[in-house]
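K.L.:
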Amino acid sequence: MNRLIFIAACVLAWCGTAAWGQGLHMAWSTLDAGGVGRNNPSFAVVGPNTIRLSGTIGQFDTGVSTAIVGPNQYVLSAGYWVVGRVCPGQGPGACSPADLDENGAIDFNDFLAFMNLFNASDLCVDYDASGAIDFNDFLAFMNLFNAGC
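Residue numbers (my numbering): 212 to 360.
1. May I ask which residues mark the beginning and end of the alpha helix (DSSP H) holding L328?
2. Roughly how far, in whole angstroms, is the beta-carbon of F356 from the beta-carbon of D321, given that I think they are within contact range, below 8 Å?
3. What is the residue span of the alpha helix (DSSP H) that L355 lies within?
4. Quick check on this structure: which residue in I218, P299, A220, F217 has the alpha carbon closest to the alpha carbon of V336?
5. Considering only the alpha carbon of each residue, which of I216, V222, A351, A220 lies closest to S307?
6. Does the separation of the CB atoms of N327 and D339 fall below 8 Å?
7. To which residues of the same chain is V305 closer than 7 Å at the C-beta, ignoring the five residues directly before and after it?
8. State the Cα-Cα distance for the pair A343 and C360, rounded to the nearest angstrom.
9. With a threshold of 8 Å on Cβ separation, who are the neighbours of A324 within its own chain once the five nearest residues in sequence on each side are excluded?
10. Helix, strand or coil: how does DSSP classify L311 here?
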């Protein structure tokens with residue numbers, strides 16, 4: 212009987228150390244077709260609580276992988292490299308650069324869309340082409356807004 216208790220205690224002790232000693236593992240599940248960029252992944256600390264991982268061999272699956280290890284949480288966001296995009300108000304449905312929802316009319320929805328982009332410091336609303344989002348861009352948008360379609 213003592214032998215059985217000793218074996219059970221050893222198994223429980225071994226299981227506890229195996230679970231406690233696990234390290235961080237974030238699987239990069241698959242590689243898909245395409246992709247342009249460095250073949251060497253990089254690992255950089257970009258802030259007090261932020262680590263940036265990057266690299267391309269194909270294209271990462273899009274989504275977010277999360278691993279929680281002790282008090283720390285690590286998140287890996289995967290997706291496509293952004294090369295460029297068409298800014299709102301530049302598409303075929305826009306009657307003016309101020310028509311951000313591209314419905315052919317300038318209205319309050321366009322103003323709200325501008326405010327969202329402005330607050331996010333999105334360069335799509337850099338109407339004075341200064342490279343910075345500031346009050347001059349707000350004034351330029353208001354001039355376009357007041358001019359209408």
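Note that the Cβ used here is the ideal one computed from N, Cα and C, for glycine as well.
P.N.:
The relevant details are as follows:
1. Boundaries of the alpha helix (DSSP H) around L328: 319-330.
2. About 7 Å separates the Cβ atoms of F356 and D321, confirming a contact at the 8 Å cut-off.
3. Taken as a continuous stretch (DSSP letters only), the alpha helix (DSSP H) holding L355 covers 346-358.
4. If you compare the alpha carbons of I218, P299, A220, F217 with that of V336, the shortest gap goes to P299.
5. The option with the nearest alpha carbon to S307 is A351.
6. No, they are not a contact pair.
7. It should be noted that the sequence gives Ala, not Val, for residue 305. E313, listed in sequence order.
8. Cα to Cα, A343 sits roughly 26 Å from C360.
9. The answer, listed in chain order, is P299, L311, D312.
10. L311 falls in the coil class under three-state DSSP.
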